[in-house]
Amino acid sequence: MSVKYGILTLLYRQKNHGYELKLELESLLGIKGKINPGQIYTTLDRLIRDQFVLAAGTDDQDRKFYEITTEGKKELEIWLLEPVPYHSAKDDFHFKWSCSRTIGFEQEQKMLDQQKAMIMKDVMDLTKLKTEILLQGDESKYLLINGSLLRLEADLNWIHQVENRNRS
Amino acid sequence: MIKVRGLNKEFIQGQERTHVLKGVDLTVEEGEFVAVMGPSGSGKSTLLQLLGGLDIPTEGDIVINQNKLSIMSEKERTIFRRKYIGFIFQNYQLLPTLTVEENIAFPLHADGSLTKEKNQTILKLLDSVGLKDFGQKRVNLLSGGQQQRVAIARALVNSPSVLLADEPTGNLDRNRAEEILGLISRFNREKNQTIIMVTHDIFAAGFADRIILFKDGVIDQEASRKDEDYAKYLANFMA
Ligand SMILES: Nc1ncnc2c1ncn2[C@@H]1O[C@H](COP(=O)(O)OP(=O)(O)O)[C@@H](O)[C@H]1O
Ligand SMILES: [Mg+2]
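Same order as they appear, the protein sequences are chains P and V. Heads up, the first sequence is in our numbering, so the first residue is 1 and it goes up one at a time. Heads up, the second sequence is in our numbering, so the first residue is 1 and it goes up one at a time.
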């Protein structure tokens, strides 16, 4: 799960300090939460270096404020619109979608559409792989691929549910 | 090649109008295997019926192998269908009291009697769907998977260039379904048959080269499988 994009998501809404960011990020990640503060600060340093975030003064308790830049917003939006392949280790579509909801992303439908197309591509590639593996007689790989296909089916159904609720 | 332009279909029953297809545009190349997915009631079966000339659109054009369906008479459409189209349905639609061979031969009687050559074709088909020794059996004695294989053989007996399949594995368990899809995709590869298959099952759709997602009577999304991408995929999976 990406701390980087989680922070950009939260700063997209409003400027904030590091400790608040840690708490909100944990809530954004839900049950997958628990982040060590060090991770937050090294990520913030890197975001500042890359000019996606600015240090924006301090509050009355002398805590540092962080603020997203225009470049940072762009960086987040580009990431939101990148569909996630099923074998991606660094991204998770559900997390991405939570980020988009958090900022009220106006291109959510486009995001969902692209993800649907990605799922269908994954399904076709996995099925091709599956038939080749079956010819080689590798039973356990065959079953693992079927597991992935079932997950993709669930993902597609979930997107349909999101769309149905968005419409009503 | 199949070209569909601005396809609309409205069912009118008394006062009630159901607008099912709302402007479908679709091009399918010769030899392509396309799966159509989408929620039930979204118009998938209706699209297949129109493509096979079993019903006529309210608006729009269908051109299959240079034949424009909308300008044909009903009789011409029937002839067109026999020549170019094979149908496979979810519930097989076989004649239960006839034998396997008689069912497969059924479309042939329509345009003349059985010749020796045609008998050869039937035997070959029986072999290719794995039912070599079942020719004389009555179909109602066969299992679902076997009946669907008979239905596939029947759909192929005229060597149609286009195979239309509506939920062909809907009544089968996953293993049987996989066998049937293996068969269908083999005919697609070996005979360059164009296939349009409606399915709600991702396991079935995966066998296609292209998946089209249908929603509310229009094409919502589509994706194609590309060999270059597949190579990358393979590398990723094996890593
Ligand atoms: N012959 C018909 N007369 C009236 N309505 C029909 C007829 N055929 C289909 N419909 C209606 O058209 C809609 C789409 O049906 P269909 O094409 O079977 O959808 P799908 O195959 O995607 O489940 C449904 O609402 C169905 O009730
Ligand atoms: Mg249907």
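For each residue, glycine too, the CB sits at the ideal point set by N, CA and C. Predicted, not measured: the structure shown is a model, and the values here were computed from it.
Per-residue contacts from residue i into chain P (C-beta, under 8 Å)
{"i": "V/I202", "result": "V123, L149, L152, E153, L156"}
{"i": "V/L213", "result": "K116, M120"}
{"i": "V/R225", "result": "K121, M124, D125, K128"}
{"i": "V/Y84", "result": "By Cβ distance, chain P contributes nothing, its closest Cβ being about 26 Å from V/Y84, past 8 Å."}
Where the beta strand (DSSP E) containing residue i begins and where it ends
{"i": "V/I211", "result": "210 to 215"}
{"i": "V/G23", "result": "16 to 28"}
{"i": "V/V218", "result": "218 to 224"}
{"i": "V/V4", "result": "2 to 13"}
{"i": "P/V123", "result": "First-last for P/V123: 108 to 136, but that is the alpha helix (DSSP H), not the beta strand (DSSP E)."}
Interface partners of residue i on chain V, CB under 7 Å
{"i": "P/T127", "result": "G206, F207"}
Contact set for residue i: own chain, Cβ-Cβ below 6 Å, skip 5 residues either direction
{"i": "V/S287", "result": "What the structure shows of chain V is the stretch from 1 to 239, and residue 287 of chain V is not part of that stretch, so it cannot be assessed."}
{"i": "P/V3", "result": "Q39, T43"}
{"i": "V/E59", "result": "N8"}
Classification of residue i by the beta-carbon crowding that lies within 10 angstroms, buried from 16 upward
{"i": "V/Q146", "result": "buried"}
{"i": "P/R151", "result": "exposed"}
{"i": "P/P83", "result": "buried"}
{"i": "V/K124", "result": "exposed"}
{"i": "V/A240", "result": "A query on residue 240 of chain V cannot be resolved here, the shown segment of chain V reaching from 1 to 239 and no further."}
{"i": "V/T199", "result": "buried"}
{"i": "P/N166", "result": "exposed"}
{"i": "V/R77", "result": "buried"}
{"i": "P/K96", "result": "buried"}
{"i": "P/E139", "result": "exposed"}
{"i": "P/G57", "result": "exposed"}
{"i": "P/F105", "result": "buried"}
{"i": "V/S161", "result": "buried"}
Cβ-heavy atom distance, residue i to ligand 4, below 8 Å
{"i": "V/L47", "result": "Ligand 4 is absent from the structure shown, which contains only ligand 1 and ligand 2."}
Residue i: contacting residues in chain P (beta-carbon distance under 9 Å)
{"i": "V/Q221", "result": "D113, Q114, K116, A117, M120"}
{"i": "V/Y230", "result": "M124, D125, K128, L129"}
Sequence-distant residues of its chain with Cβ nearer than 7 Å to residue i (five each side left out)
{"i": "P/W79", "result": "Y5"}
{"i": "V/V24", "result": "V4, L7, L47, V218, I219"}
{"i": "V/M72", "result": "F80"}
{"i": "V/N67", "result": "F80"}
{"i": "P/K34", "result": "E26"}
Chain-ordered neighbours of residue i on chain V, where CB pairs are closer than 9 Å
{"i": "P/H94", "result": "Here the premise fails: no neighbours, minimum Cβ distance about 18 Å."}
Alpha helix (DSSP H) segment containing residue i, residue limits
{"i": "P/F93", "result": "93 to 103"}
{"i": "V/S45", "result": "44 to 51"}
{"i": "V/A155", "result": "144 to 156"}
{"i": "V/A177", "result": "174 to 191"}
{"i": "V/A205", "result": "202 to 205"}
{"i": "P/Y19", "result": "18 to 29"}
{"i": "V/E117", "result": "116 to 128"}
Own chain partners of residue i with C-beta closer than 8 Å, once the 5 adjacent residues on each side are dropped
{"i": "V/L172", "result": "G144, G145, Q148, I180"}
{"i": "P/G18", "result": "P37, I40, Y41, L44, R63, K64, Y66"}
{"i": "V/D209", "result": "E32, F33, V34, S224, R225"}
{"i": "V/V129", "result": "R149, V150, I152, A153, L183"}
{"i": "V/T27", "result": "M1, I2, K3, V4"}
{"i": "P/R13", "result": "T102, I103"}
Neighbouring residues, chain P, relative to residue i (Cβ below 7 Å)
{"i": "V/N236", "result": "H87"}
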